[in-house]
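Enquirer:
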Amino acid sequence: TDDSDDSGDDGGDEATGGEEAPDIQGGTESEFFDQAEMDAQLAMRDIEPEGPADKPWEQAIEPEYVDTSQYATPGPWKICFSNASVDNPWRQVGFKTMQAEVELHPEIADFVVLDAEAEDDKQISDLESLAGEGCNAIIVSPNTTATLTPAVEAACETGVPVIVFDRGVNTDCPVTFIKPIGGYAFGADAAEFLVEELDEGDKVLALRILPGVDVLETRFAGAQTIFEEAGIDLVGAEFTEGDPATTKSIVTDYIQREGGLDGIWMDAGATALAAIEAFEDEGLDVPPITGEDQQDFLQKWQEDGLTAVAPTYPTYQWRTPVIAAVKILSGEQVPAEWNLPQPKITEDTLEDYIQPDMPPLHYALCGCEDMPGFPERWQE
Amino acid sequence: MSTTTVDVPEAGAEAGEVVPVPSAGRRVWAALGRTAPVFAVLAVLLVWISIENPNFTDPPVFLSFLKRAAPLAVLAAGQYLVIVAGEFDLSVGSLVTVTVVVAAEVLADHPDGTVRAMATVLALGAVVGLANGLITTRLRVPSFITTLGMLLILEGAVDYWTDGAPKGALSEDFRALGRGGIDDVPWLEQLPWSVVVLAAVAVAAVLLMRSDFGKRLIAVGDNDRAAALSGVSVARTRTIAFVLSGLAAALAGILLGGFAGVSAQVGDGLEFEAITAVVLGGVVLGGGRGSVVAAVAGALTLEALFTLLNLLGLAAALQDAVEGLIIIAAVAFAAFRLRPDR
Amino acid sequence: MNALGWLRSAGRRRPAGSAGSRRNVLPIWPALGIVVAVGWIAVTIDGGSFLTSSNLTNVLQRSVALGIVAVGQTVAILAGSLDLSVAYLISLSSLVAAETMDGRESMLVPAIAVTLALGAGVGLVNGLVITKLRVNAFIATLGTALILKGYLADNYSRPAGEVTERWESFGYTRMGPVPVSVFLFAGVALVVGFLLRRTRWGYHVYAVGGDEQVSALSGLRTHRVVIGAHVLCSVTAALTGLFLASRLGSGTPRVGTDGGYDLESIAAVVLGGTALVGGKGRVNGTVAAVLVLAVLDNVFNQLEVDPFLKQALRGVVIIAAVALYARRRLAARDEATAAPPVDAAGPVGPGTGAAGTPEVATA
Amino acid sequence: MPGAPLLEMRGITKAFLGSVVLSEVDLTCAAGEVHAVVGENGAGKSTLMKVLAGAYPPDAGEVLIDGEPRSFHHPVQAQAAGVAIIYQEFNLLPERTVAENVFVGREPARFGVVDRRRMEADTARLLDELGERSFSPRSRVGDLSVAQQQVVEVVKARSLDARILVMDEPTASLADEEASALLDLVRRLRDAGMAVLYISHRMPEVFAVADRVTVLKDGRRVATLAVADTTPPQLVAKMVGRELDGYVPPRAAPAELGEVRLRVRGGGNQALDGIDLEVRAGEIVGIGGLQGAGRTELARAIFGADPFTRGTVEVDGRVVRPRSPRDGIAAGLGFLTEDRKEEGLALAQSVKDNALLGLRSQGRRRTDTGSRTATVERLAEATELRARSLDQEVRYLSGGNQQKVVLAKWLALDPGVLLFDEPTRGIDVGAKAAIHELMRDLARSGKAIVMISSELPELIGMSDRIVVLREGRIAGELPGGATEHEVIALAAGSDPVGDGPAPGDGPEADG
Ligand SMILES: Nc1ncnc2c1ncn2[C@@H]1O[C@H](COP(=O)(O)OP(=O)(O)OP(=O)(O)O)[C@@H](O)[C@H]1O
Ligand SMILES: Nc1ncnc2c1ncn2[C@@H]1O[C@H](COP(=O)(O)OP(=O)(O)OP(=O)(O)O)[C@@H](O)[C@H]1O
Ligand SMILES: [Mg+2]
Ligand SMILES: [Mg+2]
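Protein chains in written order, with this note's numbering: chain F, 34 to 413; chain R, 217 to 558; chain L, 2 to 364; chain E, 11 to 521.
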C-alpha cells in the first residue's frame, strides 16, 4: 500500500517537455514542471463546463468531440477494465462507484476486472490477456503513465475502443482520455488559499505522500511556483508515506525546529488529521491548512472551525469511463480529452459535503449519493 | 553452532579453583562490555540532537521524544524475545496495522468500548503469536517463512475485510494511552502514558529474562537440543516467545493508533525497524546472546537517528540512505568492538 | 583393516534411501503438476480457459521477472547468506538501463554492460560488508536496500529513460507461443544451475553454506565465495531490471518494490526446497516454485479472486508448502532411525529462523 | 628411532588474553614416527596442535619442517606444507558426499568444471588403500557413523599427501574394536613414512601405537620419553603430578544393593527390541556393544528422548511412560549425553546457567537463587571443575571441564536413576578417576546407575554387571570383571577373528 491518494494526471504534460522550476530545499527537482500545461489547467478552472450541472461526472470542459460510429455495436456488451490497483481508500471509493455505475446499464452483460496490484509488469500482462478476451470495450486506469503506453497502444491495435482515465498515457490512440482538470490546479487551489491567508515570509511546511507519483509531483510543482511568487517561506517538503505517525512526528519536529509554523500544505488529505493533532498536542492553534475531501478532515474542519480549504480530485471520475463506454458502443460522440470539473471545498461550501454517517475515509465527491446501494455499499 | 572458538581470545580458563561469583558491579560492567556500543551511539545522537535543538533537553520535549519512541521500543522488546530464542518475527508490522484497524472497527460498533477494544486486539496479538509459534515449532517451518507468510496473510486479510479503507475512528479514551498522559506532574508538566507503558514493558522484560523462563529461553536459542535434553520444552518456550512478541505488537499498535489515529499504513516496515533495533542493540541473530535492555536502547537509538535526520533538515529522500549507512556502520562497529565476555 | 570393515558391518547401517530421496526429485515438481491440474479444473468449472496457449504464455511471461532474480537469490541463500536489497536494485537497474539506452540502438550493448556492472558493484559491496565488516547478511543487505531506496527517492521521481526499439521488442516478441524473455529465464537458470553443480566455485558455495568454519579450515577462501555469490545474485537482479525495462519501455523507481521481489524471491527459493540455513538446495527447485506462484497467480486472476484475499492465500500457500517439506524431512529422518547428531538439527528445524546469518558477527 | 626430525617445534608459547596456555613447549617428530601427546584436560594439547596447524599464531617459538623455519597464518598454509590435522571436533560437511568432503577446496577440475568421476575414483582408491568398503565415495557424510567419518578424515589427510598427521583424540568417540582398527590404520600410516602426532587420554592406545610420548602439564612440557622406557603409571604420575593409586573404585558388595529402582520389560522401538533390564539401588550396570549397537538409543528410550513404543519402564516400582526428556526428569531419571557440544551444553551461556538449566526446566521448584548458587559451587568442587568463574561461558572451557559442567547439571537435579553415556569421553585420567569415584559414591548413596562406555577397561572396571547390546537387542549379560574378550565376543556375536590384540589387555590397563 503506498500513496493514499494516488490519482490522476494528464497525458498532456508528458507530451510536451517542461522547463525546470527552481529547486527548493526538501523538494525534489520539479522535472514535471510544465508552465504551459499549468497555465492551461489554471485557466480551465474558470471555464463553465458543458453538460448537466447536477451531474459533474457527465460534464466536460471545452470538449472536442470525436465521432465513434465505427464502434457502434448492439448490446449486450462485455466491458473489460484493467485497474492499476485498489490499494488505497481513494481507489476503493472510486471502484465501488464504478461498479455501481455498471449496474445502471443493463446492456452491459459482462464486466471483467483485472487488478494489477500496482505492478506495471502485471498490468501489461493483464492488458495482453484482455486483448484476447473478446471485450467490446477496454477501460484502463494505468498504474504508470509512461510504462503502460506501449501496452495501451497494443490494446488499441486490436480495434477495440480503449478508454483511459485517471492517469494518462503518452499516446492518443485511446478513443477518449478522462480526467479532472489536473494536478497543477489541485496544488494551486491549495497554495493560493494559503497565500491569501498568510503574509510574505510566513513559514509553510509541505507534506507529501511519496515521490515518483506523477500526479502528486504536479500538485507540488504547481504549489511551489505559487509560493515562490508570493514569497512564502517553504521551510520544507517532507514525505510521509501516508503514515499519520510519521506525519505527526515530522510536523512536531518542524514546530520545534522552526519555533512554530504559519501554514500546512498537503498534496493529499490522508494525513491531515495527524498534522492537525501535532499542533493540538503542542498546545498550539492550528494554522491555515489544506486537505482533501475525506470525511474525517471535513468533519474536523467543521467541528474546530479551522481555517482550511479542500481541493479535490473527485472520485466521481470513476463513473465517467463506463458512461463513455456506453456512449461509444452506442455510436454517440465523446470528447477526445474529457476534462471533468474539479471543484474545491471552501468555508462556504463545506456544509454541503459533510456526510456524518459515512466512513472517515469516504470521499465526499464520489457523486454516488443517488446510486443503487447508497450508502451501505460505500459504508461496509 | 556457528560460533567459532578460533581467534576468540580469552583470559586463562585455568585459574585453578572456582572463584566466587563476581559482584553485581562487575556483572553490570560485563553487561555494558557486551552492549556498550549501542549506549555510546545513543548518547552521541542525543547530545547531537540537543545541540541542534537546545530545548530538546527540557523534560517535556525529551518526553515527547520518548513518547514517540515507545511503540518501536515495545516492539523491539518483543522481537528480542523471539530473536534471542533463535527465531524471527516478520509479522509484527502487519500485526500493528491489524491492531489499529480492528480497534477502529470495534470502536465503530461500540463507541465507548475502549476496554473491549484493547482486550480484543491484545487477544488477537496473542493468537497471531500463538499461530506463528505453533507453525514454527510444531510444523517445523522456519520462522522467517512462517512470519513472512503471516505478514502476507494479515495484510491481505485486513484489507480484504475493510476493503483497504479502515472504517470507524479511535475514541479519545482509546487514544489516551498513546496520546495523553498524567497531567501537571511537577517539572515534567505531562508524563505521557506511553512513556509509563514503555518503562513498565522494559522492567517486565528485564525481570522476565532474569526469571527461569528467561534463562530457558536464551538456552533454547543457544542450543535447543541440549535444552530439550535438559527437560526444557523447546517448542513451548519458543511458542511463548512468539506469543509475547504478538502481544508486544498489539500493545505497540495501541500506542501508535493512540499517537496518530487510524490508518492502513501505520505498521508498514515496522518489522524491519524492530529487528534493526534489536540488532543495533548487539543482539545476535541466531539466538543465545544479547540483553533486552540493549535491544530497547537500540530502538531509542533508531528513533533518535530519525529525529536527528529530521532536525538536520536532510533532504527527506536521503534520510533512508543515511539510516542504511548508520545501521551497517553500527553493526560493523559492534562486530569488531563486541567481545563476548566470559 | 578388514577388521574395521567387518566390525562396522555388524553395526546398523542407515537405509541408503534416505540419502537418495533427499537428493533426487524435489517435491515441488509434483506440486507444480498438482497446482496446474487443480487450477485447470477450477478455471474450467468457472467457465474460463486455462490450458490455452495464450494463457500459458501469459503464465510464463509473468514468471520471468521473479524467476531470474529468484535464481540469483538461490545462490546467495545456498552460500548461507541472503539478499534483501534486490527489489531496489531492480528498480535502479531498470532506470540505469533505460537512461543509458535513451532510445539509441547504438547504446543498447553499453547500456546492458553498464547495468550488469552496476549489479556486480552492488553485489560486491554486499559481499564485502558481510565478509570483511562481519555484518550479518540480513542487516547488511537491509542497509544496502535503504541506501538504494534513498538514492532512488532523491534522484528519480518518475519513470525515466527510454529503451531502444530492439530491446523493447525483446520483452514482447515470441518464438512460436513462447515469449523470448522466457529463454532468458531458462538460460539464467541453466547457467547458474551448471555453475552450482558442476564447477569448483559451485562446490565451494555449497561447502561454505554448509559450514563456513569447516570450509575455511579446508582451505576455501570463504570470503571470496560469499562475495561471489552476492555478485551473482545482484547481477541477476540487474538482469531482472533490464528485462522489466524492456517490458515497460523505460525505467521506473518503484518497479522493484511494487513487485515485492525481495521477499517474494526468498519465499520462492524456500518454496523450492532450498534450506534457509544454506548448503542444501537446487536451482531447479526454485524454478518450479516460481512457476507454482505464477500459476496460482494466474488461476486466482481468472477466478477474479479479490486481490487482497489473493495475497492472504499466497501467504497460506507458502507456509503450507514449507510445512509439507518439514513433514517430509521428518519422515525421511524417522525412516533412517533416530538420526545421528549431524542430522538431528534438520535443515528446517527450529532455529533456522536465523537463516541467512550463519556466521554472526560477534561469533 | 628414525633419523632427522621431519617436524620440530621450538619454545612454542601461546597465551589467550594474558593467561598462558602454552609456555616454551618443544616437540619433535620424525618421519615414520608416532609421537603421542598426553596431558590433563586443559593441559594445552589441542592448542599446541592448533598452533602447528596454523589455526593459532604462536606468541613465541617457531615451527621447523625439514629443519626449515615455517610460520603458518592459515591452516591452508600448514596443509600446503604437508601438515594435516584431524580435530577433536569433526571437520566434515554432513550434506556433502565423501568424495566432495575429501577434495573440498581441491576438486580436480578442467576449466573450473569439476571432474567428478576422477574425484570419486581417487577417493575410492584411497578408501581401498585403507581397506574401507563399508561406504562409497558417493555416500552422504551425514549418513555415516562416527567411525566411518573418522576414516573419511584420514582419507582426506591422505589425499593431501600430508607428511605430518595430527590426530586429536581420534578414538574418543569409537568403541574399542573400532579404536584398535584405527590404531592399525595409524601404524600403516607410520610405516608409509608419515610423522604422526597422536593425542589421547587412553594409555593403552598410547602404549600400543606410539614410539615416543610427550607429557604436557599446565602448558609446560614435563617430559618426552620413549614408550619403551616408561609405564602407564609413570606417565599418569607425570600428567597429574601425583601417583594415582588403585584406579577404579571397588565394586558394590551384594549387601550394598537395594531395591530395584529401574526396571524395563520388553522395551522396544524402531531401533531396539525385547529390552529387559533391572538396575538396583547402589548398582552400576554397564552397557557394552559396538558402535551402532543401540546403546545410546537404549538410554534415550529409557529417558524418553526417543521413547519405547513397546514394553514398560518402572522407576521405584512406579510404571512411568516418559514421552519426553521432561517426563524422564520428572520421573526421576537423569541422562548424561555422549556428545557434550551438541547435546550437553549451551556454549554461550555461563557455567552457572548451564549447571542450573535442568533445575530451571523443572519450573518453580527450589527457586531462590542464593541456594542455587551454593548448589553450583558445591557441585563445581565435587567435580573438580576448573573455570575462571561461574560466570565464564562454557565454550572457553577445555573439553574435560565442559564435561564436568554437564555432569554438574545432572547432579543438581539429584535423580534416583542416572544414565551415563560415555561419561568420561575425552576426559583426562585425573578427572576420570574423580568421576569414577563420584559415580560410585552416587551408587552408594542409593542411586541406580546405567553406564554406557565404549572403553572396555572402564566398562569392566566400573560395572557391577555388564549388559551387552547387539543390533538393538540384548546379546547377553556378564558379571563385573568379565574379560574384554568375553565382552567383544558377545558384542560381535562371535569370536572376532583376525582382530589385532585388543589394546590394553591386563588389569591396570588404563592406569
Ligand atoms: N580460543 C580460546 N580462548 C581462550 N582460551 C582457550 C581457547 N582455547 C583453549 N583455551 C584454553 O587453553 C587451555 C588449553 O586448552 P586445550 O583445548 O589445548 O586443552 P586440552 O589439553 O586439549 O584439553 P582436553 O584434553 O580437555 O581437550 C584451556 O585452559 C582452555 O580453556
Ligand atoms: N554404522 C552406522 N551407520 C549409520 N548410522 C549409524 C551407525 N552406527 C550408529 N549409527 C547411528 O548413530 C547413532 C549412534 O549410534 P548408537 O547410539 O546406536 O550407537 P551406540 O551403541 O550408542 O554407540 P555410540 O554410543 O558409540 O555411538 C544412532 O542414531 C545410530 O542410528
Ligand atoms: Mg583437546
Ligand atoms: Mg552412543
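Positions of the beta carbon are idealized from the N, C-alpha and C atoms, including for glycine.
(1) Taking contact to mean at least 3 C-beta pairs separated by less than 8 Å, is the region 376-383 of chain R in contact with the region 400-410 of chain R?
(2) For a contact defined as C-beta to C-beta under 7 Å, what are the partners of residue 180 of chain F on chain L?
(3) Throw me the rounded Cβ distance for the residue 429 of chain E and residue 312 of chain E pair, which I believe falls under 8 Å.
(4) Using a Cβ-Cβ cutoff of 9 Å, what residues of the region 517-538 of chain R are near chain L? List them in chain order.
(5) Any idea what DSSP makes of residue 19 of chain E, helix, strand or coil?
(6) So with CB distances below 7 Å, who are the chain F contacts of residue 260 of chain L?
(7) Say whether chain E places a C-beta atom closer than 8 Å to the C-beta of residue 343 of chain L.
(8) Can you give the Cα-Cα distance for residue 397 of chain F and residue 246 of chain L, rounded to whole angstroms?
(9) By alpha-carbon positions, which one of F:92, F:85, F:67 and F:66 ends up nearest to residue 375 of chain F?
(10) Taking only beta-carbon positions, decide if residue 317 of chain E is within less than 8 Å of chain L.
(11) Taking 7 Å as the cut-off, is the beta-carbon of residue 401 of chain E closer than that to any non-hydrogen atom of ligand 1?
(12) Examine chain R for any beta-carbon lying closer than 8 Å to the beta-carbon of residue 280 of chain L, and answer yes or no.
(13) Is any non-hydrogen atom of ligand 1 found closer than 7 Å to the C-beta of residue 31 of chain E, if you look at the structure I gave you?
(14) Using CA atoms only, rank isn't needed, just tell me which of R:438, R:398 and R:356 is closest to residue 364 of chain E.
(15) According to DSSP, what are the bridge partners of residue 430 of chain E?
(16) Does the Cβ-Cβ distance between residue 114 of chain E and residue 216 of chain L come in under 8 Å?
(17) Is residue 407 of chain E near ligand 1 - that is, is its Cβ less than 7 Å away from at least one heavy atom of it?
(18) Which partner residues of residue 480 of chain E appear in the DSSP bridge assignment?
(19) Can residue 26 of chain E be considered in contact with ligand 1, in the sense that its beta carbon sits closer than 7 Å to one or more heavy atoms?
(20) In the DSSP output, what is residue 116 of chain F paired with across the bridge?
(21) For ligand 1, is there a heavy atom less than 7 Å away from the beta-carbon of residue 51 of chain E?
(22) Relative to ligand 1, is the shortest distance from any of its heavy atoms to the C-beta of residue 57 of chain E smaller than 7 Å?
(23) Determine, for residue 353 of chain E, whether the minimum Cβ-Cβ distance to residues of chain R falls below 8 Å.
(24) Can you give me the start and stop residues for the beta strand (DSSP E) that residue 95 of chain E sits inside?
(25) Give the secondary structure of residue 311 of chain L by DSSP, where H, G and I count as helix, E and B as strand, and everything else as coil.
(26) Where DSSP assigns a beta bridge to residue 110 of chain F, which residues make up the other side?
(27) Suppose you measure from the CA of residue 147 of chain L to the CA of residue 336 of chain R; what does that come to, to the nearest Å?
(28) Residue 92 of chain L lies in the alpha helix (DSSP H); which residues open and close that run?
(29) What are the start and end residues of the beta strand (DSSP E) that includes residue 446 of chain E?
(30) On the DSSP bridge list, what partners appear for residue 372 of chain F?
(31) For residue 82 of chain E, count neighbouring C-beta atoms within 10 Å of its own C-beta (all shown protein chains included) and say buried if the count is 16 or more, exposed if not.
(32) Give the straight-line distance between the Cα atoms of residue 255 of chain L and residue 28 of chain E, rounded to the nearest whole angstrom.
(33) What is the rounded straight-line gap between the Cα of residue 80 of chain E and the Cα of residue 446 of chain R?
(34) State the Cα-Cα distance for the pair residue 440 of chain R and residue 450 of chain R, rounded to the nearest angstrom.
(35) Terminal residues of the continuous alpha helix (DSSP H) containing residue 71 of chain F?
(36) For a cutoff of 8 Å on Cβ pairs, would you count residue 23 of chain E as touching chain R?
Expert: By the coordinates alone:
(1) The region 376-383 of chain R makes no contact with the region 400-410 of chain R, as fewer than three CB pairs between them are under 8 Å.
(2) 160, 249, 250, 251 and 253
(3) 6 Å
(4) 531, 532, 533, 534, 535, 536, 537 and 538
(5) Residue state, collapsed to three classes: strand.
(6) 152 and 154
(7) For residue 343 of chain L, the predicted structure reports a pLDDT of 31, less than 50, and the residue's modelled location is therefore unreliable. A value from the coordinates is still provided. True, the Cβ-Cβ gap to chain E drops below 8 Å.
(8) 38 Å
(9) Nearest C-alpha to residue 375 of chain F: F:92.
(10) no
(11) no
(12) no
(13) yes
(14) The candidate whose alpha carbon is nearest that of residue 364 of chain E is R:438.
(15) E:346 and E:461
(16) For residue 114 of chain E and residue 216 of chain L, yes; Cβs fall inside 8 Å.
(17) yes
(18) E:483
(19) Within the cutoff, so yes.
(20) DSSP output for residue 116 of chain F lists F:148 and F:174 as bridge partner(s).
(21) yes
(22) yes
(23) yes
(24) 93-96
(25) helix
(26) The beta-bridge partner set that DSSP reports for residue 110 of chain F consists of F:141.
(27) Between residue 147 of chain L and residue 336 of chain R, the C-alpha separation is close to 35 Å.
(28) 87-102
(29) Looking at the DSSP string, residue 446 of chain E is not in any beta strand (DSSP E); the run it does join, the alpha helix (DSSP H), is 439-454.
(30) F:212
(31) buried
(32) Residue 255 of chain L and residue 28 of chain E have their C-alpha atoms some 55 Å from each other.
(33) 46 Å
(34) 7 Å
(35) 68-77
(36) no
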